[in-house]
Every structure is written in structure tokens, then in C-alpha cells.
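Numbering (our numbering), first residue to last: -11 to 126. Think of the CB as a built atom: it goes at the ideal place given N, C-alpha and C, for glycine as much as any other residue.
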């Protein structure tokens, strides 16, 4: 039986039909709504959508880590996923978001992050469609 290391997990293709891109698309859309929010009440109502975004992202990420982990390493892969999201992701968001927030404001920052999230999903969709056109196994 062939074994895989945890390092190439990021090179495993993610198709748009799989559940992982949906939470990123949802978060991008939510951030664009934040950019358009005019009142704190609107922002609070938009934030309630995170009740769908975060659990969907977590379930898709854990399932992806489990499916792509080497035999006997699924718990480790899921732990790495959790550390990446709740450790590295939050730290990078804070370090990048703080200066961006102070320089452009909350609305513009939400717009920028929303566009980035949607661009990521678009890039995954484009890469997935090119793989399909080339007939490569995924």
C-alpha cells in the first residue's frame, strides 16, 4: 500500500462541486454585505449568517482533511486543519486586518476581504474547469 505524507495535502485538487469552496464563497458574500451595511443593526443581522458559514467551513475542512490524510493520520490532519484555521488564520487576519482597518476603514476592509475571498473561489473554479477540459484525473 502506498503512503502519502501530510505535506502534499495542499496539492490535492478541490473541485467546485465539493463542499469546501461554498463557505469561502459565503464568507466573501457576507463581507461584501458588511461593506454595504449602513447601520449596526444591519451589520448584526449580516453577522448572523456566520452561523451557517463557520459550521459549513469546519465540516468541509475536517472531511477534506480526513479524506486526504494518509492511513492512520486522519486525526493529525484534522488537528493541522484546526490549528491552521484557529491559529494561523486568526493571527494572519489580525496582523493584516488591523493595519488595513486603520488605513482604509471597516467598509473598505470588508470590501477588500470579500473580493479576495470571491477571487479565491473563482480561481479554484477556473483551475477546476481547466483540469476538466484537459481531461486530467482529479
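DSSP three-state label for residue 27, please. coil
Check whether the Cβ atoms of residue 44 and residue 14 sit closer than 8 Å, and answer yes or no. yes
How should residue -2 be labelled, buried or exposed, when 16 other C-beta atoms within 10 angstroms of its C-beta is the threshold for buried? Because residue -2 sits at a pLDDT of 41, beneath the cut-off of 50, its placement in the model cannot be relied upon, and the following sentence gives the value as read from the coordinates. With fewer than 16 other Cβ atoms inside 10 Å of its own Cβ, residue -2 counts as exposed.
Rounded straight-line distance, which links the Cα of residue 89 to that of residue 18: 17 Å
Residue 86 lies in the alpha helix (DSSP H); which residues open and close that run? It spans 78 to 92 - the alpha helix (DSSP H) in which residue 86 sits, taken as one unbroken run.
Taking the Cβ atom as the reference point for each residue, do residue 34 and residue 105 lie within a distance shorter than 8 Å? Result no, Cβ atoms of residue 34 and residue 105 do not sit closer than 8 Å.
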